[in-house]
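Chemist: Protein chains in written order, with my numbering: chain Z, 9 to 191; chain V, 9 to 191.
My structure is below; once you've seen it, I'll send some questions.
Number of protein chains: 2
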Amino acid sequence: MALEHAILVSLAERAGTGYDLARRFDKSIGYFWTATHQQVYKVLARMEAAGWVTVTVLAQDGRPDKKRYDLTEAGRAELARWIGGPAEPELTRSELAVKVRGASYGDVRLVAAEVERHRDLHAERLDSYLANEKRDFPDPSRLRGAKLHQYLVLRGGISYERGAIEWCDEILESLRPRPKGKR
Amino acid sequence: MALEHAILVSLAERAGTGYDLARRFDKSIGYFWTATHQQVYKVLARMEAAGWVTVTVLAQDGRPDKKRYDLTEAGRAELARWIGGPAEPELTRSELAVKVRGASYGDVRLVAAEVERHRDLHAERLDSYLANEKRDFPDPSRLRGAKLHQYLVLRGGISYERGAIEWCDEILESLRPRPKGKR
DNA sequence: TTCCGCATGTAACCAGTTACATGATTAC
DNA sequence: GTAATCATGTAACTGGTTACATGCGGAA
């Protein structure tokens, strides 16, 4: 389980509310981890019980109170401990791959259309990642520390999307009707 | 949800027992989908209730009875229907990426060691995939139908592993102490 | 004699999703 | 007026994992 620890990383960078954390997952850390706000609230409660974070209630008028979460020493220690441990390589599940595999038992053209849609989705994401790269890391060779690590994760996202696009293209080339010459 | 449908694909190729299906997930389909035998038994029960498969009990002496599952017409129809529908692109969760991102809050050298271990794991898998490719698809340009689709999924596995290895290498290059020249 | 393969499952648990609920503020 | 943003959560459910249980045959 790693959501706890993804949150620890996020809080180590800076304190925030459950709402904040959920939004951060939509963005930067979100290349390789996501969580809904419901899930975040649940886990934060557990983390507080474990003594990894403290809560400060911040009254607001007009809108509901905020709860700012801060890492405790115990939280930092747990984070360091976890970082030093092994990470299980997770199995990549791909529904699209299952459809490709089974394409002969359905309509191959529909599968091809879906692959094309995925290719476009991946291309869109790639563009947005590349834009982030340009904006946030214009000179990567100088990076060090946390900023470098952030960059490396982004690079992972970029390389993943590129791979996905290439794969979709390969599928499309072999699934789509051959150029008329052969007919 | 797609385990049901992954099983339908597997059964469309050929009938089998729960045990067989679980093992097939370890192999061919397993590049992009896996399931334990417990999970398979559970889902098969559901699928039988839905009328997608029929069960034939095959008595054996010495060992427990087998249950061979066969697709029904309804099962085939459901498979065709599902194949024609959209596939949600799933979010790739990577614990390793979270560790890389948080490396500054722990021991960077341990993270690097773990990245190296992952690179080796991916390299091993790549080798085995490439061996499968050579053995099962010596002449890819002639493939058509189900065999082609199988090949394309394998190609996806190969490209995924290659991407993972490249990413690990990029991380290792920037995380590890610079060649002494610069010091 | 010990482990692996065959072959079935149950039970407890855990992580994550979806739906629902509340309610003010601000921008279009 | 309508939708989005801020901000919290509960409840029901689903999919998947882990641990446990049984028991024979054959290989090392």
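Where a beta carbon is used, it is the ideal one built from N, C-alpha and C, also for glycine.
Computed from a prediction, not measured in an experiment: that's the story for all the values here.
Classify residue 156 (chain Z): buried if its beta carbon has 16 or more other beta carbons within 10 angstroms, exposed otherwise.
Modeler: Buried, by the Cβ-count rule.
Chemist: For residue 65 (chain V), count neighbouring Cβ atoms within 10 angstroms of its own Cβ and tell me buried if that reaches 16, exposed if not.
Modeler: So residue 65 (chain V) ends up on the exposed side.
Chemist: Using the Cβ count rule (16 or more neighbours within 10 Å means buried), how would you classify residue 109 (chain V)?
Modeler: By the neighbour-count rule (16 or more Cβ atoms within 10 Å), residue 109 (chain V) is buried.
Chemist: Could you tell me whether any Cβ in chain V is nearer than 8 Å to the Cβ of residue 144 (chain Z)?
Modeler: No, residue 144 (chain Z) does not count as interfacial toward chain V.
Chemist: Apply the 10 Å Cβ neighbour rule to residue 158 (chain Z) and answer buried if 16 or more other Cβ atoms are within range, or exposed otherwise.
Modeler: That one is buried.
Chemist: At a CB distance below 7 Å, what residues from the segment 157-182 of chain V approach chain Z? Give them in sequence order.
Modeler: Answer set for the segment 157-182 of chain V: 157, 158, 160, 161, 163, 164, 167, 168, 171, 174, 175, 178, 179, 182.
Chemist: Cβ atoms of residue 168 (chain Z) and residue 171 (chain V): under 8 Å apart, would you say?
Modeler: Yes, the Cβ-Cβ distance between residue 171 (chain V) and residue 168 (chain Z) is below 8 Å.
Chemist: Given a cut-off of 8 Å, decide if residue 162 (chain V) and residue 141 (chain V) are closer than it, judged by their beta-carbon atoms.
Modeler: Taking 8 Å as the Cβ cut-off, residue 141 (chain V) and residue 162 (chain V) qualify as a contacting pair.
Chemist: So what's residue 87 (chain Z) in DSSP terms, helix, strand or just coil?
Modeler: In this structure, residue 87 (chain Z) counts as helix in the three-state DSSP scheme.
Chemist: With distances taken between CB atoms, is the gap from residue 164 (chain V) to residue 105 (chain Z) smaller than 8 Å?
Modeler: Result yes, Cβ atoms of residue 164 (chain V) and residue 105 (chain Z) sit closer than 8 Å.
Chemist: Which term fits residue 62 (chain Z), buried or exposed, when burial requires 16 or more other beta carbons within 10 angstroms of its beta carbon?
Modeler: Exposed: under 16 other Cβ atoms inside 10 Å.
Chemist: Closest Cβ-Cβ distance between residue 66 (chain V) and chain Z: below 8 Å?
Modeler: No, residue 66 (chain V) lies away from the interface with chain Z (no Cβ there is under 8 Å from its Cβ).
Chemist: If you draw a straight line from the C-alpha of residue 129 (chain Z) to the C-alpha of residue 151 (chain V), how long is it?
Modeler: Spanning the two alpha carbons is a distance of roughly 28 Å.
Chemist: Taking a contact to mean a Cβ-Cβ separation below 8 Å, would you say residue 16 (chain Z) touches residue 81 (chain Z) in this structure?
Modeler: Contact: no.
Chemist: Which residues in chain V sit within 7 Å of residue 94 (chain Z), going by Cβ to Cβ distance?
Modeler: What residue 94 (chain Z) touches in chain V: 122.
Chemist: Quick one: what's residue 74 (chain Z) bridged to in DSSP?
Modeler: In the DSSP output, where bridge partners are listed per residue, residue 74 (chain Z) has Z:66.
Chemist: Can you tell which of V:119, V:94, V:173 has the C-alpha that lies nearest to the C-alpha of residue 117 (chain Z)?
Modeler: Among V:119, V:94, V:173, the Cα nearest to that of residue 117 (chain Z) belongs to V:94.
Chemist: Chain Z partners of residue 107 (chain V), CB-CB under 7 Å?
Modeler: Those within 7 Å of residue 107 (chain V) in chain Z are 91, 95.
Chemist: Quick check on the DSSP output: what are the complete alpha helix (DSSP H) runs of length 4 or more inside the segment 130-185 of chain Z, in order along the chain?
Modeler: Listed in chain order, the complete alpha helix (DSSP H) runs (minimum 4 residues) inside the segment 130-185 of chain Z are 153-183.
Chemist: Where DSSP assigns a beta bridge to residue 61 (chain V), which residues make up the other side?
Modeler: Answer is V:79, bridged to residue 61 (chain V).
Chemist: Skipping 5 residues on each side, what residues in its chain have a beta carbon closer than 7 Å to that of residue 67 (chain V)?
Modeler: Counting only Cβ-Cβ distances below 7 Å, and skipping sequence neighbours, we find 73.
Chemist: On a CA-only basis, which of Z:24, Z:13, Z:136 is nearest residue 54 (chain Z)? Give me that one, please.
Modeler: That would be Z:13, whose Cα lies nearest to the Cα of residue 54 (chain Z).
Chemist: Where does residue 8 (chain V) fall in DSSP's three states?
Modeler: Only positions 9 to 191 of chain V appear in the structure, and residue 8 (chain V) is not among them; the question remains open.
Chemist: For the alpha helix (DSSP H) containing residue 107 (chain Z), list its first residue and its last residue.
Modeler: Residues 103-109.
Chemist: Please list, in chain order, the chain V residues whose beta carbon lies closer than 7 Å to that of residue 126 (chain Z).
Modeler: Ordered by position in chain V, the residues that pass the 7 Å Cβ test against residue 126 (chain Z) are 97.
Chemist: Whole angstroms are fine: how far does the CA of residue 10 (chain V) sit from the CA of residue 22 (chain V)?
Modeler: Those two C-alpha atoms are separated by around 18 Å.
Chemist: In this structure, how does DSSP classify residue 99 (chain V) when only helix, strand and coil are distinguished?
Modeler: Correct three-state label for residue 99 (chain V): coil.
Chemist: Taking its Cβ as the centre, do 16 or more other Cβ atoms sit within 10 Å of residue 191 (chain V), making it buried, or is it exposed?
Modeler: Caution applies to residue 191 (chain V), whose pLDDT of 48 falls short of 50 and renders its modelled position unreliable; the value that the coordinates give is listed next. Exposed, by the Cβ-count rule.
Chemist: Could you compute how far the alpha carbon of residue 143 (chain V) sits from the alpha carbon of residue 119 (chain Z)?
Modeler: Looking at the two C-alpha atoms, the distance is approximately 27 Å.
Chemist: Going by DSSP in three states, residue 14 (chain V) sits in which element: helix, strand or coil?
Modeler: Residue state, collapsed to three classes: helix.
Chemist: Measuring CA to CA, which of Z:181, Z:133, Z:43 is closest to residue 33 (chain Z)?
Modeler: It is Z:43.
Chemist: At least one CB of chain Z closer than 8 Å to the CB of residue 83 (chain V): is that the case?
Modeler: No, its Cβ sits nowhere closer than 8 Å to a Cβ of chain Z.
Chemist: Ignore the nearest five residues each way along the sequence and tell me which others in residue 26 (chain Z)'s own chain have a CB closer than 6 Å to its CB.
Modeler: Excluding sequence neighbours, residue 26 (chain Z) sits near 48, 49, 52.
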